[in-house]
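Notes to accompany the following structure.
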Ligand code: SF4
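Rendered as structure tokens:
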């Protein structure tokens, strides 16, 4: 069978440079008077723009590197357990707590340790914010939580008012913590940019629907680090996605594949183990490309969700005729983004099952790999509903039990065996010889 033309991603080197620069500059944030924020903040990062250009350390500046290193990860978990925390709490929380107590959480490459200025959470799941209480006490820093109301399929005015009132409080709180006036013009500008960036991410993910796929999940996901560290409201992130979007449009136009031998297309639901990259290599041996999944596509994007669970690229406020000129306008637009145009919030609800079916269908996937992630207390509650919804539609699925952040729960041989069987049952043959 003929192969698709392929070529390397031209923007790849620029992305690597950006990621490297970001990592090294992160440690200078304090000298430059910019806030360092500890906590998981999925959207509404524009809220920080009024006090500076934040560094969002997420679960920690070294968290990504630790989670990719099985030895370092296991060491952190053992430290956490030695402090009396049990393995029945979220593995992400355990890993970040372990990095804190083992002294690696905020250790720079040159050996200095920095202290975050404050903890901040846009709370979707309660586990990580609980862990941040430990960070708050350890560093003796203030902590603010914005609670995201439970996802509602129909617009809920109480939820909206509640979310906006918390963002209003957060601004007043940051003014006090930083002892400086909050710049509302910067908030307005950042909100417009955050919307544009998230719409761009959605457009990029839509291009992945193309056969052959112009990019796969590993390369796509690498672009999320700058978004998580600087926030989608940062113009550097918007530019990064403009460049990627333009390149992918060209690849689609020219029929350029990320995998020359693409015969099978797979969706992965849940985050795959971060310390193991073998899935993508294994899939390639069967001429299969792993496209991504609803978490990868939704976490950084803005989509309009339809009744049947399918997603369309959201229109920006400007495209919907809404002008953002004031602090109140900006907070309204951020509430829209979080409460209406962010299907990531549907993952933990039964309506999210419809989304997975539509992601598989709309991205022209042949099957779905489902992670029963024992470390994530929330996704495990819905994963079997997802499996059933896919099976009802006759979509091939395979499940595996593991833990995205704790390698002690991952059995590589068993996992590879399951994926081998799954792909062979779909008619794939190893090492490129397809039926
Ligand atoms: S969503 Fe899962 S991994 Fe994330 S904080 Fe909650 S339990 Fe932990």
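Residue numbers (the working numbering): 14 to 448.
Ideal Cβ placement from N, Cα and C applies to all residues, glycine included.
Given the structure is predicted, the values throughout are model-derived calculations rather than measurements.
> Going by other Cβ atoms of all chains shown within 10 Å of its Cβ, with 16 needed for buried, is residue 151 buried or exposed?
Replying inline: Counted from its first residue, the chain shown places residue 151 at position 138. By the 10 Å Cβ count, residue 151 comes out exposed.
> Between residue 96 and residue 55, what straight-line distance do the alpha-carbon atoms span, to the nearest angstrom?
Replying inline: One-based indexing of the chain shown puts residue 96 at position 83. One-based indexing of the chain shown puts residue 55 at position 42. If you take the alpha carbons of residue 96 and residue 55, they lie about 29 Å apart.
> Since residue 31 contacts residue 227 with CB under 8 Å, what's their CB separation in whole angstroms?
Replying inline: Taking the first residue of the chain shown as position 1, residue 31 is located at position 18. Taking the first residue of the chain shown as position 1, residue 227 is located at position 214. Incorrect: roughly 20 Å between the Cβ atoms, too far for contact.
> Between which two residues does the beta strand (DSSP E) containing residue 413 stretch?
Replying inline: As a first step, residue 413 is located in the chain shown; it is residue number 400 there, counting from the start. Taken as a continuous stretch (DSSP letters only), the beta strand (DSSP E) holding residue 413 covers 410-415.
>> Between residue 237 and residue 59, how many whole angstroms is the CB-CB distance? I'm expecting something under 8 Å.
In response: Residue 237 sits at position 224 when you count from the first residue of the chain shown. Residue 59 sits at position 46 when you count from the first residue of the chain shown. Their Cβ separation, rounded to whole angstroms, is 17 Å, which puts residue 237 and residue 59 out of contact at 8 Å.
> What did DSSP end up calling residue 66 once you bin it into helix, strand or coil?
Replying inline: Residue 66 sits at position 53 when you count from the first residue of the chain shown. In the structure shown, residue 66 sits in coil (DSSP, three-state: anything other than H, G, I, E or B).
> In terms of alpha-carbon separation, which member of 417, 144, 19 and 330 lies closest to residue 290?
Replying inline: In the chain shown, counting from the first residue as 1, residue 290 sits at position 277. The shortest C-alpha separation from residue 290 is found at 417.
>> If the criterion is Cβ atoms closer than 7 Å, does the pair residue 387 and residue 422 meet it?
In response: As a working note, residue 387 is residue 374 in the chain shown. As a working note, residue 422 is residue 409 in the chain shown. Cβ atoms of residue 387 and residue 422: closer than 7 Å.
> Can the beta-carbon of residue 412 be found closer than 7 Å to that of residue 383?
Replying inline: Mapped onto the chain shown, residue 412 falls at position 399. Mapped onto the chain shown, residue 383 falls at position 370. A contact, by the Cβ cut-off of 7 Å.
> Leaving out the 5 sequence neighbours to the left and right, which residues in its chain are closer than 6 Å to residue 128 when beta-carbon positions are compared?
Replying inline: Here residue 128 refers to the residue found at position 115 of the chain shown. Result list for residue 128: 152, in chain order.
> Should residue 107 be counted as a contact of the ligand SF4 given a C-beta to heavy atom distance under 6 Å?
Replying inline: Position 94 of the chain shown, counted from the first residue, corresponds to residue 107. For the ligand SF4, not one heavy atom lies less than 6 Å from the Cβ of residue 107.
> From residue 243 to residue 437, what distance separates their C-alpha atoms?
Replying inline: As a first step, residue 243 must be located in the chain shown, where it is residue number 230. As a first step, residue 437 must be located in the chain shown, where it is residue number 424. One C-alpha to the other measures close to 42 Å.
>> Rounding to the nearest angstrom, what Cα-Cα distance links residue 302 and residue 378 in this structure?
In response: Here the question's residue 302 lines up with position 289 in the chain shown. Here the question's residue 378 lines up with position 365 in the chain shown. Spanning the two alpha carbons is a distance of roughly 9 Å.
>> Along the chain, where does the beta strand (DSSP E) containing residue 324 start, and where does it finish?
In response: Here residue 324 refers to the residue found at position 311 when the chain shown is read from its first residue. Here the beta strand (DSSP E) through residue 324 covers 324-326.
> Per DSSP, residue 132 is paired with what?
Replying inline: On the chain shown, position 119 is the one that residue 132 refers to. Note: residue 132 sits in a beta bridge opposite 51 and 156.
>> Using only CA atoms, which one of 281, 147, 188 and 174 lies nearest to residue 432?
In response: Taking the chain shown and counting its residues from 1, the one referred to as residue 432 is at position 419. Cα-wise, what sits closest to residue 432 is 281.
> To the nearest angstrom, how far is it from the Cα of residue 263 to the Cα of residue 355?
Replying inline: Taking the chain shown and counting its residues from 1, the one referred to as residue 263 is at position 250. Taking the chain shown and counting its residues from 1, the one referred to as residue 355 is at position 342. Looking at the two C-alpha atoms, the distance is approximately 27 Å.
>> Restricting to Cα atoms, I'd like to know which of 178, 393 and 208 is closest to residue 332.
In response: Within the chain shown, residue 332 is the residue found at index 319, counting from 1. Among 178, 393 and 208, the Cα nearest to that of residue 332 belongs to 208.
> Taking C-beta to C-beta, are residue 109 and residue 72 nearer than 7 Å?
Replying inline: The residue you call residue 109 lines up with position 96 of the chain shown. The residue you call residue 72 lines up with position 59 of the chain shown. Yes. Within cutoff.
>> Rounded to whole angstroms, what is the Cα-Cα separation between residue 353 and residue 123?
In response: As a position in the chain shown, residue 353 is number 340, starting the count at 1. As a position in the chain shown, residue 123 is number 110, starting the count at 1. For residue 353 and residue 123, the distance between alpha carbons rounds to 43 Å.
> Near residue 213, what residues of its chain come up, given a Cβ to Cβ distance below 6 Å and the 5 sequence neighbours on each side ignored?
Replying inline: Working through the chain shown from its first residue, we reach residue 213 at position 200. If we look at residue 213 and ignore the five residues flanking it on each side, its Cβ neighbours are 254 and 258.
>> Less than 6 Å separating the Cβ of residue 132 from some heavy atom of the ligand SF4?
In response: As a first step, residue 132 is located in the chain shown; it is residue number 119 there, counting from the start. Incorrect: residue 132 has no Cβ contact closer than 6 Å to the ligand SF4.
> Given residue 366, which residues of its chain have a CB within under 6 Å of its CB, disregarding the five upstream and five downstream residues?
Replying inline: Mapped onto the chain shown, residue 366 falls at position 353. Closer than 6 Å at Cβ, skipping near neighbours: 398, 399 and 402.
> Is it true that the CB of residue 180 sits closer than 7 Å to the CB of residue 344?
Replying inline: Within the chain shown, residue 344 is the residue found at index 331, counting from 1. Within the chain shown, residue 180 is the residue found at index 167, counting from 1. Against a cut-off of 7 Å, the Cβ pair of residue 180 and residue 344 comes out as a contact.
> My guess is that residue 57 and residue 347 are in contact by the Cβ rule of under 8 Å, so how many angstroms apart are they, rounded?
Replying inline: In the chain shown, counting from the first residue as 1, residue 57 sits at position 44. In the chain shown, counting from the first residue as 1, residue 347 sits at position 334. Contact flag correct, Cβ pair sits at about 4 Å.
>> By the three-class DSSP mapping on this structure, what secondary structure does residue 297 have?
In response: On the chain shown, residue 297 is found 284 positions in, with the first residue counted as 1. If DSSP states are grouped into helix, strand and coil, residue 297 belongs with the helices.
> Using a Cβ-Cβ cut-off of 8 Å (strictly less than) and excluding sequence neighbours within five positions of residue 75, which residues of its own chain qualify?
Replying inline: Here residue 75 corresponds to residue number 62 of the chain shown, with the count starting at 1. Once the five neighbours on either side are set aside, the close Cβ partners of residue 75 are 112, 117, 118, 119 and 120.
> Identify the residues that DSSP records as bridge partners of residue 316: which are they?
Replying inline: Indexing the chain shown from 1 puts residue 316 at position 303. Partner(s): 326.
> Which residues in the same chain as residue 193 place their Cβ atom closer than 8 Å to its Cβ, once the five residues preceding and following it in sequence are excluded?
Replying inline: By 1-based counting over the chain shown, the position of residue 193 is 180. Within the same chain, residue 193 has close Cβ partners 64.
> On the three-state DSSP scale, how would you describe residue 25?
Replying inline: Indexing the chain shown from 1 puts residue 25 at position 12. Helix, per DSSP.
>> Suppose you measure from the CA of residue 313 to the CA of residue 104; what does that come to, to the nearest Å?
In response: Sequence index remark: in the chain shown, residue 313 carries index 300 (1-based). Sequence index remark: in the chain shown, residue 104 carries index 91 (1-based). Cα-Cα distance, rounded: 22 Å.
> Less than 6 Å between the CB of residue 141 and some heavy atom of the ligand SF4, yes or no?
Replying inline: Looking up residue 141 in the chain shown gives position 128. Correct: residue 141 has its Cβ closer than 6 Å to the ligand SF4.
> Contact check, residue 440 vs residue 409 under 8 Å by CB: the rounded distance?
Replying inline: Taking the first residue of the chain shown as position 1, residue 440 is located at position 427. Taking the first residue of the chain shown as position 1, residue 409 is located at position 396. So it is not a contact: roughly 10 Å between Cβ atoms.
> Considering only C-alpha positions, which residue in the set 170, 319, 284 and 320 is nearest to residue 307?
Replying inline: Numbered from 1 along the chain shown, position 294 holds the residue referred to as residue 307. Nearest of 170, 319, 284 and 320 to residue 307, Cα basis: 284.
> If we call anything under 7 Å between Cβ atoms a contact, is residue 53 one with residue 160?
Replying inline: The sequence position of residue 53 within the chain shown is 40, counting from 1. The sequence position of residue 160 within the chain shown is 147, counting from 1. Taking 7 Å as the Cβ cut-off, residue 53 and residue 160 do not qualify as a contacting pair.
> Given a threshold of 16 other Cβ atoms within 10 Å of its Cβ, counted over all protein chains shown, does residue 90 qualify as buried or as exposed?
Replying inline: If you number the chain shown from 1, residue 90 lands on position 77. Flag for residue 90 reads buried.
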